[in-house]
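See structure below.
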Amino acid sequence: MVRDNMESRQQEQLKAMRNRMPDVENVKVAVRVRPFSQRESQRNARNIISMYQKTTFLNNPDVPNEEPKKFTFDYSYWSHDGYREKEKGLIVRDPNHPNGDKYCDQLTVYNDLGKGVLHNAWEGYNSTLFAYGQTSSGKSWSIVGYGVNKGIVPMFCEDLFKNIADSKAAGERIEFE
11 MVRDNMESRQ
21 QEQLKAMRNR
31 MPDVENVKVA
41 VRVRPFSQRE
51 SQRNARNIIS
61 MYQKTTFLNN
71 PDVPNEEPKK
81 FTFDYSYWSH
91 DGYREKEKGL
101 IVRDPNHPNG
111 DKYCDQLTVY
121 NDLGKGVLHN
131 AWEGYNSTLF
141 AYGQTSSGKS
151 WSIVGYGVNK
161 GIVPMFCEDL
171 FKNIADSKAA
181 GERIEFE
């Protein structure tokens with residue numbers, strides 16, 4: 011009986027320690043394909059990107075029969091099409107579109123990338139999130155968003171301040187540096 015209690019306490023301590031540890035992945039890499047810009051649409055641009063699960067395929071437009079280049083990431087987000095605009099401009103999956111089932115919205119990107127950063131920061135670990143890409147590639151859309159389509163940073167801030175309020179309401183003492 012004493013041994014069972016000791017093992018149970020050790021398991022609880024180990025579980026508590028794991029809950030305080032940062033997310034296991036130190037680095038996550040994600041790619042997101044955006045819709046064509048107005049200029050690209052006017053020029054009849056062709057999509058040379060396709061995605062399946064975590065893999066992104068790039069087709070050579072000059073050699074259509076060539077095997078596509080294949081790259082695997084932690085996340086491959088399809089946001090090129092498969093969406094519709096609801097009231098007040100909210101962009102959501104379009105179940106009637108052939109790519110509606112794979113369309114990635116802002117909340118999915120935040121849940122996959124932003125929440126882990128928030129969790130680690132909340133636990134006291136240094137955390138960084140950055141977006142890289144050429145001009146007009148969609149970085150601001152993913153990170154900041156526009157209007158009701160909030161990006162990672164606004165959702166992060168909302169969750170951060172909600173966590174602070176919840177902790178204070180629970181009587182916890184909170185300090186920030």
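In terms of the working numbering, the sequence shown opens at residue 11 and continues consecutively.
All C-beta atoms in this analysis are idealised placements derived from N, C-alpha and C, irrespective of residue type, glycine included.
All values derive from a computational prediction rather than experimental measurement.
From residue i to residue j, what distance separates their C-alpha atoms?
i    : j    : result
W151 : N106 : 24 Å
E97  : M165 : 20 Å
R103 : S89  : 9 Å
T118 : E187 : 30 Å
E77  : A55  : 20 Å
K149 : N121 : 17 Å
Q48  : W132 : 40 Å
A141 : R42  : 11 Å
S177 : E168 : 14 Å
K125 : R53  : 38 Å
Y135 : E185 : 14 Å
P71  : E95  : 30 Å
Exposed or buried, which one is residue i when buried takes at least 16 other CB atoms within 10 Å?
i    : result
T138 : exposed
T66  : buried
S146 : exposed
I101 : buried
V127 : buried
Y87  : buried
Y93  : buried
R183 : exposed
G155 : buried
Using a threshold of 8 Å, state whether the C-beta atoms of residue i and residue j are closer than that.
i    : j    : result
N75  : I58  : no
A40  : Y113 : no
V163 : I174 : no
D115 : P45  : no
G157 : G110 : no
K38  : L170 : no
Hey, is residue i close to the ligand MN, as in C-beta under 7 Å from one of its heavy atoms?
i    : result
P105 : Although the ligand MN was asked about, the structure shown includes no ligands whatsoever.
Exercise. Scan the stretch 65–144 and note each continuous beta strand (DSSP E) run of 3 residues or more that stays entirely inside, going in chain order.
Key: Runs of the beta strand (DSSP E) spanning 3 or more residues and lying entirely within the stretch 65–144 occur at 65–68, 79–82, 85–88, 93–95, 101–103, in chain order.
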